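*Asks:* I am attaching a structure below and will ask some questions about it afterwards.
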Amino acid sequence: MDDLVQLTRDRDTDNDVAIITINNPPVNALSPGVAQGIAQTIAQADKDDGVKAVVLIGGGRTFVAGADIKEFGKITSGKTQRGAGLLPLLLQIEDVRKPVVVAIHGSAFGGGLELAMAGHYRVAAPSAQLGQPEVKLGIIPGAGGTQRLPRLVGVAKAVEMCAEGNPITAQEALKLGLVDRLIEGDLLAGAVAFAREASEKPVRKTRERSDKLGTPALNEPIFAAAREKARTKQRGMMSAIAAIDAVEAATRVSFEEGCQVERQLFDKCLFSDQSKALIHAFFGEREVAKIPDIPKETAIIPVNSVAVVGAGTMGGGIAMVFANAGFRVLIKEADQPALDRGLATIQKNYQSSVKRGRFTQQFVDERLKLIQPTLSYDDFGDVDMVVEAVFEGMALKKEVFGQLDRVCKPGAILASNTSTLDVDEIASATSRPGAVIGTHFFSPANIMRLLEIVRGKASSKEVIATCMQLSKKLGKVGVLVGNCRGFVGNRIFGPYRREAQFLVEEGASIETVDHALYDFGMAMGPMSTGDLAGLDVGWRIRKEFRHLEKPGVRQPFAEDRLCELGRYGQKTGAGWYKYDENRRAIPDPEVNEMVLRWSREAGIAQRKISSEEIVDRCIYALVNEGARILEEGIVGRTVDIDIIYLNGYGFPAYRGGPMWYADTVGLDKVYRRISEFQQQHGELWEPAPLLKRLAQEGKTFAELNREQAVMA
Ligand code: 3HC
Ligand code: NAI
27 MDDLVQLTRD
37 RDTDNDVAII
47 TINNPPVNAL
57 SPGVAQGIAQ
67 TIAQADKDDG
77 VKAVVLIGGG
87 RTFVAGADIK
97 EFGKITSGKT
107 QRGAGLLPLL
117 LQIEDVRKPV
127 VVAIHGSAFG
137 GGLELAMAGH
147 YRVAAPSAQL
157 GQPEVKLGII
167 PGAGGTQRLP
177 RLVGVAKAVE
187 MCAEGNPITA
197 QEALKLGLVD
207 RLIEGDLLAG
217 AVAFAREASE
227 KPVRKTRERS
237 DKLGTPALNE
247 PIFAAAREKA
257 RTKQRGMMSA
267 IAAIDAVEAA
277 TRVSFEEGCQ
287 VERQLFDKCL
297 FSDQSKALIH
307 AFFGEREVAK
317 IPDIPKETAI
327 IPVNSVAVVG
337 AGTMGGGIAM
347 VFANAGFRVL
357 IKEADQPALD
367 RGLATIQKNY
377 QSSVKRGRFT
387 QQFVDERLKL
397 IQPTLSYDDF
407 GDVDMVVEAV
417 FEGMALKKEV
427 FGQLDRVCKP
437 GAILASNTST
447 LDVDEIASAT
457 SRPGAVIGTH
467 FFSPANIMRL
477 LEIVRGKASS
487 KEVIATCMQL
497 SKKLGKVGVL
507 VGNCRGFVGN
517 RIFGPYRREA
527 QFLVEEGASI
537 ETVDHALYDF
547 GMAMGPMSTG
557 DLAGLDVGWR
567 IRKEFRHLEK
577 PGVRQPFAED
587 RLCELGRYGQ
597 KTGAGWYKYD
607 ENRRAIPDPE
617 VNEMVLRWSR
627 EAGIAQRKIS
637 SEEIVDRCIY
647 ALVNEGARIL
657 EEGIVGRTVD
667 IDIIYLNGYG
677 FPAYRGGPMW
687 YADTVGLDKV
697 YRRISEFQQQ
707 HGELWEPAPL
717 LKRLAQEGKT
727 FAELNREQAV
737 MA
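Shown next as structure tokens:
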């Protein structure tokens, strides 16, 4: 405890302010010893007549990022008893007879904000952030946050913060009354001065306030709107609705009863599969940043300026990603009209972000100044990194990399955004394959969080470590993957979309297939996804690789036929669906009829197919291919696949990713179902040997992941 929480006095002449400092790096999570330490030191300060006021502050880079999330796993697995939590400590703080001033820098998140709200006053550094992000972990605030927050910021804002989980800035917190003063410069000195002023006034307990709790007439529409929003924007997430219910309790019953309601809802969420999956995703997102054979000490190549080759769909988006993160970006095109088109698209995209309130005009103006168009490689000699995003074709890629090799300085990183081509072959066009790597952004690059970093045979550790670190700076989740066709995400997506087509060819309607997977939680159904990405993309690839298909093995055909009819999806106004001028999908009975006719001609028996079968066929296709990818060592850990699917493919976060989901179903059950599919549909469904082994040994992918981490 001594190490985790310290009690000292201010150094002013009066020496009458007690300072309690929490020191639990890296983020001062409220691990059991921390709560105990605060309880003891606060009791000491309360008893001490020489103390007029108390300042509670975080040591290191932040105030308190919340309860210790690792503890939750111990509780749900029965390794730790669920205790009273933080509630008694927060009551103890609120009952101190002298003012307790909480000084916030970095983040006051979750239990951290709940702790801060139990203080009588809060001061904050201007850069501080405050929030109740628990909902994103599948839980709700569990230490009175849903009861104290509405008393400080009002019902509407409290519902929004607890149900959506996004943090607010210190400035907004000041306006709302969540923070009492912003302190420029030395936070501790400012907090001590504030505490001394406050010591002249009576203490005010947050839990006794009710002036911002509104009336039933005012609150009803707020809760109704919040529920409606949660049902659409956080579809399927039980924690969002639970958070709203808990805040509603604050407006209807006493503080004590409200805390009981909160606790019941918290427990219901904590013990759900959803929260386990979301906590897996939280730690997984951090785990993927750690590469076993690339130590933390690996030298990082300084990257200050970059160049992008190609200003098409991807190149333009990638230039925006770098500019948004403050990098100077050269963007090169083949000719002036293409360059003009590319820049116009960038401007249009920025303008729509301003319209939607995502960016201010000033931010956009500054970003546009960072993007410098060019038609030559003349200025490439200065840049630290190049991302190539020209048409997908090996000859062109090699030509571009040959040029880059000639013009770029030694040490510059040469990255390709290829989605299907062999990174090693691209690297062979240079005299420095160690500098070459794949950076596979997803479309739209400026929005999608996933970045697959493709490790070539020769990619140097420094280049890999730099790209991994860079991904965080760019606001992306970087996952290191091996070099194979489709890398990880698209390779696994192949069997998923193949099954979706097979199902349509066997008699399920296009809309039924989409609905089944949408109801499972996917952001979009597979047919709609195909239409959005462009059916012609896969068609072209399939034509190129047709010679690799094994004769006699069933292949889907409906999508190729649609492409032959010019139905490429949204971009041509028709694909699996028809599209209106606003690109809204309209079911097209003609397509269902055509597919039926083609299928009959091909001798495919038609039958009624259940939603359950649709989900199993499509999702288990992901799982089986994921298991193969693991066996081949294309990724190091099962969690890598989950994080790719959660961030790049609209897999529902509350199911934790395909491999985690398979664990929750039970690998023996998944294996048996895949074996059934093999009997019914043939060799495409051969179970991956790894899946078979784990199922037979009664193990899970999560256990395998832990073993892999230990071995690394
Ligand atoms: N508990 C345990 N570990 C935590 C943690 C927490 N609350 N928050 C962060 N960590 C760990 C991370 O896992 C990571 O560990 P690693 O170095 O071993 O990978 C380390 O702290 C640093 O975290 P980040 O890499 O995320 O550091 P950043 O500087 O990028 O971000 C942060 C810092 C914004 C605080 C971010 O970590 C974050 O958002 N944390 C979670 C906040 C949260 O969800 N709090 C609510 C917890 S639940 C709760 O409080 C319930 C309550 O109501 C009772
Ligand atoms: P695109 O066709 O929209 O853009 C390619 C651009 O490259 C064109 O504007 C073209 O004029 C330009 N170009 C061609 N040769 C050039 C040269 N020598 N110098 C400078 N510019 C040149 O293609 P898109 O979709 O942007 O794809 C680019 C790359 O990104 C491809 O490798 C593709 O596989 C990959 N990718 C595409 C995704 C997508 O959804 N579109 C997703 C992820 C990766």
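In terms of our numbering, the sequence shown opens at residue 27 and continues consecutively. For glycine and all other residues, C-beta sits at the position ideal for the given N, C-alpha and C. Just so it is clear, the structure is predicted and the values come from calculations on it, not from any experiment.
Assuming Val161 and Ser265 form a contact by the criterion Cβ under 8 Å, report the distance between their Cβ atoms to the nearest whole angstrom.
*Replies:* That pair is a contact at about 5 Å.
*Asks:* Based on Cα-Cα distance, which residue from Ile64, Leu214 and Gln158 lies nearest to Leu116?
*Replies:* It is Ile64.
*Asks:* Phe389 to Ser379, Cα distance in whole Å?
*Replies:* When rounded, the distance between both Cα atoms is 11 Å.
*Asks:* Tell me the rounded alpha-carbon separation between Gly84 and Ser497.
*Replies:* Rounded to whole angstroms, Gly84 to Ser497 spans 28 Å at the Cα level.
*Asks:* Beta carbon of Ala61: closer than 6 Å to some heavy atom of the ligand 3HC?
*Replies:* Checking every heavy atom of the ligand 3HC against the Cβ of Ala61, none is found closer than 6 Å.
*Asks:* Take Lys231 and list the residues in its own chain whose beta-carbon comes closer than 8 Å to its own, dropping the five residues that flank it on each side.
*Replies:* Glu120, Asp121 and His146.
*Asks:* What are the boundary residues of the alpha helix (DSSP H) that includes Met187?
*Replies:* Element bounds for Met187: Val181 to Glu190.
*Asks:* Can you pull the DSSP bridge partners for Thr47?
*Replies:* According to DSSP, which records beta bridges pairwise, Thr47 is partnered with Gln32 and Ile83.
*Asks:* May I ask you to check if the CB of Glu418 is nearer than 6 Å to at least one heavy atom of the ligand ATP?
*Replies:* Questions concerning the ligand ATP fall outside what the structure shown contains, since the ligands it does hold are the ligand 3HC and the ligand NAI.
*Asks:* Between which two residues does the alpha helix (DSSP H) holding Tyr403 run?
*Replies:* Careful: Tyr403 lies outside any alpha helix (DSSP H) and carries neither H nor E.
*Asks:* Taking 6 Å as the line, does the beta carbon of Val314 fall inside it for any heavy atom of the ligand 3HC?
*Replies:* Outside the cutoff, so no.
*Asks:* Quick check on DSSP: helix, strand or coil for Met27?
*Replies:* The pLDDT assigned to Met27 is 48, lower than 50, so where the model puts this residue is not dependable; a value taken from the coordinates is nonetheless given after this. Reduced to three states, the DSSP call for Met27 is coil.
*Asks:* Which word fits His573, buried or exposed, when buried means at least 16 other C-beta atoms lie within 10 angstroms of its C-beta?
*Replies:* So His573 ends up on the exposed side.
*Asks:* Considering only the beta carbon of each residue, do Val413 and Asn443 sit closer than 7 Å?
*Replies:* Taking 7 Å as the Cβ cut-off, Val413 and Asn443 qualify as a contacting pair.
*Asks:* Let me know the secondary structure DSSP gives Glu478 once reduced to three states.
*Replies:* Strand, per DSSP.
*Asks:* Note down, in chain order, each residue of its chain lying with its Cβ closer than 6 Å to the Cβ of Leu648, except the 5 sequence neighbours on either side.
*Replies:* Same-chain partners within the cutoff: Ile518, Tyr522 and Pro684.
*Asks:* Given a cut-off of 7 Å on the beta-carbon distance, is the pair Thr324 and Lys487 in contact?
*Replies:* Yes, the pair counts as a contact, with Cβ atoms nearer than the cut-off.
*Asks:* Please list, in chain order, all residues of the same chain as Leu33 whose beta carbon is under 7 Å from its beta carbon, the five residues on each side excluded.
*Replies:* Same-chain partners within the cutoff: Ala44, Ile46, Thr67, Gln70 and Ala71.
*Asks:* Does at least one heavy atom of the ligand NAI sit under 6 Å from the Cβ of Ala333?
*Replies:* No, Cβ of Ala333 sits at least 6 Å from all heavy atoms of the ligand NAI.
*Asks:* Please classify Tyr147: does DSSP put it in a helix, a strand, or coil?
*Replies:* Here Tyr147 sits in strand by DSSP.
*Asks:* Considering only the alpha carbon of each residue, which of Pro167, Gln704 and Val507 lies closest to Val579?
*Replies:* Ranking Pro167, Gln704 and Val507 by Cα distance to Val579 puts Gln704 first.
*Asks:* Can you determine whether any heavy atom of the ligand NAI sits closer than 6 Å to the C-beta of Ala10, and answer yes or no?
*Replies:* Examination of residue 10 is not possible in this model, given that the chain is present from 27 through 738 alone.
*Asks:* Starting from Thr258, trace the alpha helix (DSSP H) both ways and give me its first and last residue.
*Replies:* Looking at the DSSP string, the run of the alpha helix (DSSP H) that includes Thr258 is Pro242 to Lys259.
*Asks:* Quick one, are the C-beta atoms of Gln173 and Cys285 less than 7 Å apart?
*Replies:* For Gln173 and Cys285, yes; Cβs fall inside 7 Å.
*Asks:* Grab the span of the alpha helix (DSSP H) containing Arg222 for me, first residue to last.
*Replies:* Leu213 to Ala224 is the extent of the alpha helix (DSSP H) around Arg222.
*Asks:* Any heavy atom of the ligand 3HC closer than 6 Å to the CB of Pro684?
*Replies:* It does not: the Cβ of Pro684 is nowhere closer than 6 Å to a heavy atom of the ligand 3HC.
*Asks:* Considering Pro368, what are the terminal residues of the beta strand (DSSP E) in which it resides?
*Replies:* Looking at the sequence provided, one finds Gly at residue 368 rather than Pro. Gly368 -> not in any beta strand (DSSP E); alpha helix (DSSP H) instead, spanning Gln362 to Lys381.
*Asks:* Beta carbon of Asn443: closer than 6 Å to some heavy atom of the ligand NAI?
*Replies:* Flag set: Cβ of Asn443 near the ligand NAI.
*Asks:* Going straight from the alpha carbon of Met27 to that of Asp94, what length do you get?
*Replies:* Residue confidence is low: Met27 scores 48 on pLDDT, short of 50, so the model does not pin down where it sits. Its coordinate-derived value is still stated next. The alpha-carbon atoms of Met27 and Asp94 are separated by roughly 15 Å.
*Asks:* Start and end of the alpha helix (DSSP H) containing Val503?
*Replies:* From DSSP, Val503 is part of no alpha helix (DSSP H) but of the beta strand (DSSP E) over Val503 to Gly508.
*Asks:* So which of Ala79, Ala55, Phe297 and Lys255 has the shortest CA-CA distance to Gly104?
*Replies:* The shortest C-alpha separation from Gly104 is found at Phe297.
*Asks:* Specify the secondary structure class of His306 as computed by DSSP and reduced to three states.
*Replies:* It is helical.
*Asks:* Could you check whether Asn731 and Thr664 sit closer than 7 Å to each other, using their CB atoms as the reference points?
*Replies:* Yes, Cβ-Cβ distance for Thr664 and Asn731 is below 7 Å.
*Asks:* Are there 16 or more other CB atoms within 10 angstroms of the CB of Lys302, so buried, or fewer, so exposed?
*Replies:* So Lys302 counts as buried.
*Asks:* Note down the Cα distance separating Ile536 from Arg587, rounded to an integer number of angstroms.
*Replies:* Computed Cα separation, rounded: 15 Å.
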